[in-house]
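Novice: Would you mind keeping the following structure in view while I ask a few things?
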Amino acid sequence: MTLVVGFRGGVDDRSGLRLAVTLARSRGIDLEVVTVVPASWPTPVMGAADRDFRRWAAEQGEAARAEAQQIIDEIASDLSVTTRWVTARSVASGLLEAATTSGAVLIVIGSSAEAGHGQINLGSTASRLLHSSPVPVALAPRGYQQPEGARIGRATCAFRGDVASRSTLERTAVICAEVGASLRIATFAVRGRTMYPPEVSPQTEDDVLSSWVEQATRAQEAAVGSLKQPDGIPGDVSTVVGAGRTWAGALDSIGWERDDVLVVGSTRENLVERIFLGTSATKIVRHAPVPVIVVP
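With positions in the sequence shown counted from 1, the corresponding number in this note's numbering is that position plus 1.
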């Protein structure tokens with residue numbers, strides 16, 4: 002199996018590459034580092050412009066590939082890694098094509114430059130991948146770091162209680178069992194927005210919240226009981242409910258470890274499996290304090 006990670010040369014943040022190394026090491030799979038440079042015009046341009054552009058693109062691609070290889074030699078000498086550059090009309094299309102060619106099981110990218118430290122920002126490349134990719138996409142917070150030899154220790158599965166999130170939970174549980182990571186099932190809500198109208202009294206708020214927590218807990222317990230695969234249940238499974246006045250508060254309320262990842266399922270439309278995030282899932286991704294893996 003192979004994991005594809007997008008790499009852009011000449012920038013300081015290496016979050017995507019560092020997350021890819023951690024994920025590849027955790028799953029024991031190969032890593033392919035891909036730099037996408039602009040493709041030349043479909044119709045050749047008269048004169049030397051087209052030739053000069055292709056030469057420039059090749060120079061940029063090779064420089065980025067060499068830079069990626071140097072970083073890999075420093076942080077991932079224990080892994081099987083290939084580095085290459087490709088041409089495409091967009092970074093997203095280049096990564097999708099690379100993933101298809103190599104049969105990748107996961108695409109990894111970092112956050113856009115607009116993201117604050119420790120935050121995930123869905124730039125144009127991430128947004129297109131999340132609407133087009135047939136395989137899971139992992140997003141690294143800006144500034145993501147892990148110690149040498151690090152592996153994923155726990156996966157937190159965002160759980161809504163519907164059929165789609167149960168499917169996501171089953172896939173997450175199997176991977177956790179394979180890599181020896183613990184599994185945490187988490188349900189999130191924002192007080193005053195998703196549970197009740199704003200005009201209710203504080204006491205009613207607390208009563209509704211208590212009832213909602215009980216319902217969410219029962220749904221989580223039922224989901225744990227439905228994990229019937231003989232080898233698909235991790236040894237350590239826990240459940241938690243997070244609520245707050247904001248999405249950031251709801252996610253922060255459950256506590257996180259350095260070796261955590263958050264797994265979020267998408268909303269499926271029609272019969273074609275592609276990633277499509279609903280409103281709540283998008284907010285969870287944007288406020289996650291750890292790397293996020295979004296699955297179709």
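All C-beta atoms in this analysis are idealised placements derived from N, C-alpha and C, irrespective of residue type, glycine included. If you're wondering where the values come from, they're calculated on a predicted model, not measured in any experiment.
Buried or exposed: where does ARG66 fall if 16 or more other Cβ atoms within 10 Å of its Cβ makes it buried?
Specialist: buried
Novice: Between the alpha carbons of SER113 and VAL296, how many angstroms are there, rounded?
Specialist: Across the structure, SER113 and VAL296 are spaced so that their CA atoms are roughly 20 angstroms apart.
Novice: In chain order, what residues of the same chain lie with their CB nearer than 6 angstroms to the CB of VAL273, ignoring the 5 residues before and after it?
Specialist: Confidence is the limiting factor: at VAL273 the pLDDT is only 41, short of 50, which leaves the residue's position unreliable and the question unanswerable from this model.
Novice: If you follow the alpha helix (DSSP H) that VAL175 is in, where does it begin and where does it stop?
Specialist: 164-180
Novice: Since VAL180 contacts ARG28 with CB under 8 angstroms, what's their CB separation in whole angstroms?
Specialist: Contact annotation, VAL180 with ARG28: C-beta distance approximately 6 angstroms; criterion of less than 8 angstroms satisfied.
Novice: How far does the beta strand (DSSP E) with SER183 in it extend, from its first residue to its last?
Specialist: First-last of the beta strand (DSSP E) with SER183: 183-191.
Novice: Terminal residues of the continuous beta strand (DSSP E) containing SER239?
Specialist: 238-245
Novice: If I measure Cβ to Cβ from GLU149 and keep anything under 8 angstroms in the same chain, skipping five residues before and after, which residues do I get?
Specialist: ILE76
Novice: Using C-beta distances below 8 angstroms, list every residue in its chain close to GLU222, excluding the 5 sequence neighbours before and after it, in chain order.
Specialist: THR240
Novice: Throw me the rounded Cβ distance for the VAL37 and GLY95 pair, which I believe falls under 8 angstroms.
Specialist: 3 angstroms
Novice: Have a look at SER267 and PRO292 and give me their C-alpha separation to the nearest angstrom.
Specialist: 16 angstroms
Novice: Using a Cβ distance threshold of 8 angstroms, determine whether the region 99-114 contacts the region 2-17, with at least three qualifying pairs required.
Specialist: yes
Novice: Taking the straight line between their C-alpha atoms, what separation do you get for ARG192 and ALA251?
Specialist: Computed Cα separation, rounded: 9 angstroms.
Novice: Spatial neighbours of GLN70 within its chain, please: C-beta separation below 7 angstroms, excluding the five flanking residues on both sides.
Specialist: THR84
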